[in-house]
Amino acid sequence: MKKSTMAVQLKGSEAEVAGTLKSVGVDLSPEEAHRIKELIGRDPTVVELFIFDIMWSEHCSYKSSKHILKRYLPTEGSRVILGPGEDAGVVRLAEVDGERYVLVVAHESHNHPSQILPVEGAATGIGGIVRDVYCMGADVVGVMDALRFGDPDGPNAETVREIAAGVVRGIWEYGNALGVPNVGGDVFFDRRYDDNCLVNVIALGVAKEEEIIRSRVPAEARDEPYDLILVGKPTDRSGLGGATMASRVLDEGSMADIGAVQIHDPFLKRVLTVATAAVLAEVAKRKISIGFKDLGAGGIACVVSEIVDRGGFGAVIHLDRCHLAFEDIEPHAVACSETQERYCLAVPSHFTEAVLRIYNDDFELPHIYRGARASVIGEVTARRDVVMYWKGRVVADLPASTITEGISYDREAASRPAGPSEHVRVEVKNLKRTCLDVLGTTSIASKHYIYRHYDSEVKGLSVLKPGEADACVISIPGTKIGIATSVDGNPRYSSLDAYRGALMTVCEGLRNIACVGAVPIALTDCLNFGNPEEPRVFGDFTETVKAIGEAAKTLSAYGTDEPIPVVSGNVSFYNESSRGTAIPPSPVVGCYGVLEDYSVVSSLTFKEPGNLVLLVGRRKRGLGGSALMAVMGRDGEGRLPDIDLEEEKRGIHAVTEIVRCGLARACHDIGEGGFFTAIAEMVLGGWGTGRTGVDVSVDLGDGLAAEEALFGEAGGFLLEIRPGAWERVEHVLEKYRACAWRIGKTVPGHVLVIRKGDEEVIRLEASEMHQAWIGSIEKAMR
Amino acid sequence: MKPRICIVQFPGVNCEYETARALDAAGMDASVVRWNRADAAIEDFDGFVLPGGFSYEDRVRGGAIAAGEDIMAVLMEQAARGKPVVGICNGAQVLVESGLVPGPAGQRIDLALAPNKGMGRDGYYANWVFVTPGPEPARCVLTCDLEPEEVLPIPIAHCQGRFTSSDPGLFERLDGDGRIVLRYCRPDGGTPKGFPDDPNGSVKFAAAISNTDGNVAAVMPHPERGAWLRQVPVDLAGPWSETRSSVRTWKDMEGAGPGVRILRSIRRYIEEHKV
C-alpha cells in the first residue's frame, strides 16, 4: 500500500514512540510497535495500530500461555470433532436413528468488565459466550456461571455486595430474556477477590453433526464470488479496547475503561437467533456452504481476518457500508469496537439477497430495533490480504495471516515453595456448633437465593435442575439422551497447592458427573490468574495446566481408556489490582457427560427409610484447604489430602456403573465440607425438601482424628441403596476394586445420627441444619 | 382430526417451540406463526396461544407493545366467535394489556400484572408452585378437563406476575363469576399462608383469570414446562414427585406431566365448543 496520509510516524527515542502510541490511544509497547514496523515494512496506520493492539493483547493472542496449554492438555479423542481453536469445541454425544447429535461448548471469563460494571459486564459475558455456540450452527440449550466475589464482611463489603448482586442480576436479565436455561454454576466469597471478581461463563449447544458450520470461508469461494454480510446491532464505539482492558492490571484509572465495557441486548439477540435459524434452514435446504462467525474481541477487523484467513482467503471491506449508530464515528472505531449482538456471514453472492430479506424484511430488524439490520460490507478475495476502505480511502492493508498470527512470549516460571508439608492437628471443641458453621459456609450453603433468579426450565428440556443433584441434566427432545453438566473450582485448594488443587478440581467435576450415571465426554477450563510477568504466578499457572492434563489423561472416561479431552477454554491473566493484591490461582473446570438413557438419574436426597447407606472412597489425613479450617479461621494452614488418581478412577467408574444400572436411590459426592457435609445435604435434600433421616457409623481407623474423618475433603461418594439391590452393588464394587463400606441405614425421623462404635458422635435435627444452611448466600449478597 | 393451534411468535418471545411440542404431546397440532405473517390465514386455526418470553423486551410494560400489533385485532374477532385464546406468562400480560382478559375486549378494564410481592426481594423468581382450579372447572378452556380441587405442581418464572387492580370490587366480581380459574395453593390444596406457597402476592392467589365465557384465559405459570414427567422435580411433596422418583423407564419419564392436564383441557374445550 502506498504511503498513506493516515500513517503514524513511529520514530525517535523510545520515550517519543511511547508518547505517539499513547496519543493514538493504544496499549502497545514501543518494542511491539517496532516489531510491527518490521513485520509490514512501513509505518502502520491508526486503524492498523488498533488492530495489532487488540490481536496482540493477551486476551486474543494467548501470547504467554499457548505453548504451555499445547504441551500439557489432551485435546483429541474418538468423540472430538473440533478441539480448541475456533469459537467452541464440538464432541459427539450419541447416534439415534441415524442422527448424530453433537455437543458444542464454549467457556470464557468476563472478569474485568464485571468488576467495573457488574450488570453489563456479566450480561455481556453471557451474551458473548452464547454467540460462540450459536455461530457453530448449534442451538444453545444451557448456560453456566462460576462466580468468585470478595469478602462480604471485609473492608470492601459494600462494593463486594454491590458487585455480587449486580453480576447475578446481569446473568438472569440476559439469560432469562434470551430464553436459555441456567444449568449450574458455583460461587465463592473470599477477601482475595475484593478488588477483582471472577465471572466465568459457559454455553452449551446441541446440533446434528451435519449442521455444524465452521467459522471460516468455505473452499467453494475459489469458484464463485462470496459476499461478507454483517448483521445485528448498528456499530458504535462501545467496547473499543475491551480485549486490551482484559489484558492489564485493574487500577484506579480503570473506571475510565467504562467505555470498554459493551452494552448488552438479549431482546435483539433472541430475534437474531430465530432469524438466523431461518437463514440456516435455507442454507441446508439449498445445500450451499457458508462461513459464520460472531463478533467479539476486536470487532469487524478480527472477525473478518479470522473468517477469511482460516479459509485461505483475503477480503476487501468497506467500513463505511456497515450500518452505524451515528455518522461522526472514526474508521478505527468501526473496525475495532466491540459492539454486541453482531454476526458475520460469508455467503455466495447469489444467496446474499435471500439473507438480507430474512433479516431485514421477514424479521423486520430495522423496524423492531433502531439501526439494526443486515448489510453487505465487502467481498472475499483470492489475494490473502485484508484491505479496508473508508470513504474511498485505504485505511488498512495487511496480510490476513499477519493479523491472526499474533505474537508469543516465553514467561519465566518460578515454582513456589510447595505448600505446607506437615499435617496440622485441629481440635474441635463444640462439634455440633462447628457442623452448623460448616453448613453455613457460603460455598457450601444452599445456592437457592442465586438460582431462583435464574430460569432453568425455559426450552422444556430439564431432567435435573440446579440444586437437585451434583450435576444438572437436560434431555434432547424425542431421544433418551441426557447431557450432564458440572463446573468446579476451589481457590482454597489451589492457593495451598496449585498442582494438587487442580487435580482435586478435575476429580470433583468427574465425581459430580458420575453421581448421575453419566459418562464424561469433555472438559473445558477457564484459567484465572494474576500477572503472568510475575514468575510465581506463571509457575502456578504452569503447575495448574500440568495437573489438569495429568488428571484428564489418568481418569479416563468410564468404559474407555481414552483421556478426557479438553475441548475449549480461556486464559485470564492480570486478575489483580494496582494495590498488588492478586487473586489466588483460580482454575475453573467444566465437565460434561452423556447418558444414553437419562431415566436412571435421581436426586441427591435420601428417598425413604430402610435403605442401606454406602460410602465409597477412603477418608484420609489432611485438612488443609478444607471448609473446616476456614470456619476455624485457619485457612492456609496444613496440607491437602493425598490424592491417588488410580483409586479415584476406580471409585468413579464403580459409582457410574451403579447409577447407570438404576441401583442407586440417591447419590452424592464427598468434596467440600467432607463426609459430614455430604450426608447432611442428603438428609436436607438439594432443595431443602428432604423428609428422610439417617443413622450411620464412621470407621475412624487408620489413625484418623474424628475431625479428619468428618471434615477431610478427600474425594468420595455416598449412595442410598435398596436392600434388594445390595448384592448387585457389591458385585460392581468388587469388579472395580473400589474402596467402599456399608455404614448404616436411612431412618424415618428427619434426623442425622453419626456414631463411632456405640458412641453417638453427632445427632442433629434436620430443622437446625436447615436453618444454618439456607440463608447464608442471601446474607452475603444483600 | 386434531385441533390446530396457532402459536403467535412476537419478537422477543422465547417459549414458542417447547409450547408447540407440549401442545402436540397433548394431542393437538400446533404451528408457530410469525406475528407479521399476513398470509398465514390464521382464521383457519381452532385455537390460539400467546407463549411466554419478553415480547418487545417488555418495553413500557410486559406485553404492552405486542398488545397493539395488528394480529391482536384478528385474535379478538376470533375470540368473539368463541375460539380459545390462551396467554401464558408474557402471553398473559399481552391479553391483560389488550383488555381481552378479563374482557369484554375493547372495553378497558382495570386489571394489571404487577411486580411480584412478598418474597422479601425484588426481581425474577423461578420455582415450582402448586395450583388448584376454581369452583367451576368445566367452564374454562384451561380447566375443563381437571377434577374439582385437583392439585397440580407447576413452574412459574416471572418478575411481574401479581394479578391486581385499583378497582376494589373487581376481584370480588371475578371470584363470584368463577373467573379466577387457577389459584396458588399449598401442596395439600389448602390456602397459602404467604410466600412461597403464594409466590407473588396475587389478589385472591389468582394464577389464571378468564373472560366471561371462559374461552380466553391468562395464566402466569408454565404448563408446557410440566408437560412431561421428567420435568417434575424429584423431591417435591405430593403424588407427582413420588411417581417421578419411582419410574425407571424412559417411556414413563416422557409420559404426561401435570402441565398436560391443563393443555388437554384446551383440546377438550375445542372439541366440545366446535365453532
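Protein sequences, first through last, are from chains A and B. Anchor point for the first sequence: position 201 equals 201 in our numbering, and the numbering is continuous, going up by one each time. Anchor point for the second sequence: position 68 equals 68 in our numbering, and the numbering is continuous, going up by one each time. All residues carry an ideal CB built from backbone N, CA and C; glycine is no exception.
- For LEU733 of chain A, the enclosing alpha helix (DSSP H) starts and ends at 726 to 736.
- Beta-bridge pairing by DSSP links ARG148 of chain A to A:PHE188, A:LEU198.
- For LEU365 of chain A, same chain residues with a beta-carbon under 6 Å away, outside a window of 5 residues either side, are TYR359, ALA372, ARG373 in chain order.
- Close partners of LYS465 of chain A in chain B (Cβ separation under 7 Å): PRO233.
- Per the coordinates, the alpha-carbon of VAL428 of chain A lies some 11 Å from the alpha-carbon of GLU708 of chain A.
- Along the length of the stretch 349 to 416 of chain A, whole alpha helix (DSSP H) runs at least 4 residues long occupy 349 to 357, 365 to 368, 400 to 405, reported in chain order.
- Interface criterion met: the Cβ of ALA126 of chain B is under 8 Å from a Cβ in chain A.
- Here CYS302 of chain A carries a helix assignment [DSSP, helix/strand/coil].
- Less than 8 Å separates the beta-carbon of ALA664 of chain A from that of ILE721 of chain A.
- In the pairwise beta carbon analysis, the stretch 624 to 639 of chain A is classified as not touching the stretch 681 to 700 of chain A: fewer than three pairs are separated by under 8 Å.
- Restricting attention to B:GLY194, B:VAL260, B:GLU97, B:TYR125, the CA atom closest to the CA of GLU18 of chain B is found in B:VAL260.
- Using a CB distance cut-off of 8 Å, PRO11 of chain B counts as an interface residue toward chain A.
- Using a CB distance cut-off of 8 Å, ALA138 of chain A does not count as an interface residue toward chain B.
- Residues of chain B with a Cβ closer than 8 Å to the Cβ of ARG169 of chain A are, in chain order, GLY123.
- GLU648 of chain A is classed as buried because its beta carbon has at least 16 other beta carbons within 10 Å across all chains shown.
- If the five residues before and after ASP24 of chain B are omitted, its C-beta is found closer than 8 Å to the C-beta atoms of ALA30, all from its own chain and listed in chain order.
- With a threshold of 16 other beta carbon atoms within 10 Å, GLU727 of chain A falls short and is exposed.
- For PRO155 of chain B, the chain A residues whose Cβ falls inside 7 Å of its Cβ are GLU457, in order along the chain.
- Taking a Cβ-Cβ cut-off of 7 Å, the neighbours of GLU18 of chain B in chain A comprise LYS459, GLY460, given in sequence order.
- The CB of TYR101 of chain A never comes closer than 9 Å to any CB in chain B; the least such distance is about 16 Å.
- Looking only at A:GLY590, A:SER572, A:CYS591, the smallest Cα-Cα distance to ALA582 of chain A is reached by A:SER572.
- Counting C-beta pairs with one atom in each stretch, the stretch 133 to 146 of chain A and the stretch 198 to 211 of chain A have three or more that are closer than 8 Å, which means they touch.
- Contacts with chain B at 8 Å (Cβ-Cβ) do not include ASN575 of chain A.
- Going by DSSP, GLN9 of chain B is part of the beta strand (DSSP E) stretching over 4 to 9.
- In the displayed model, LEU295 of chain A falls within coil according to three-state DSSP, outside both helix and strand.
- What PHE267 of chain A touches in chain B, judged by beta-carbon distance under 8 Å, is PRO11, GLY12, PHE54, TYR56, GLU57, going in chain order.
- Across the structure, ASN570 of chain A and ASP525 of chain A are spaced so that their CA atoms are roughly 7 Å apart.
- Taking 7 Å as the upper bound on Cβ-Cβ separation, chain B lies near residues PHE267, ARG270, VAL271 of the stretch 267 to 288 of chain A.
- The alpha carbon of MET769 of chain A has as its nearest neighbour, out of A:ALA678, A:ALA498, A:SER57, the alpha carbon of A:ALA678.
- Residue state for ASN90 of chain B is assigned as helix, using DSSP reduced to three classes.
- In the structure shown, GLY85 of chain A adopts coil according to DSSP, grouped into three states.
- Neighbours of LEU236 of chain B in chain A, taken as residues whose beta carbon is under 9 Å from its own, are TRP687, THR689 in chain order.
- DSSP assignment within the stretch 615 to 676 of chain A yields the following whole beta strand (DSSP E) runs of 3 residues or more, N-terminal first: 666 to 670.
- Chain A places a beta carbon closer than 8 Å to that of SER245 of chain B, counting this residue as a contact.
- In this structure, the beta-carbon distance from ARG21 of chain B to GLU457 of chain A does not fall below 8 Å.
- The C-beta of TYR72 of chain A has 16 or more other C-beta atoms within 10 Å across all chains shown, which makes the residue buried.
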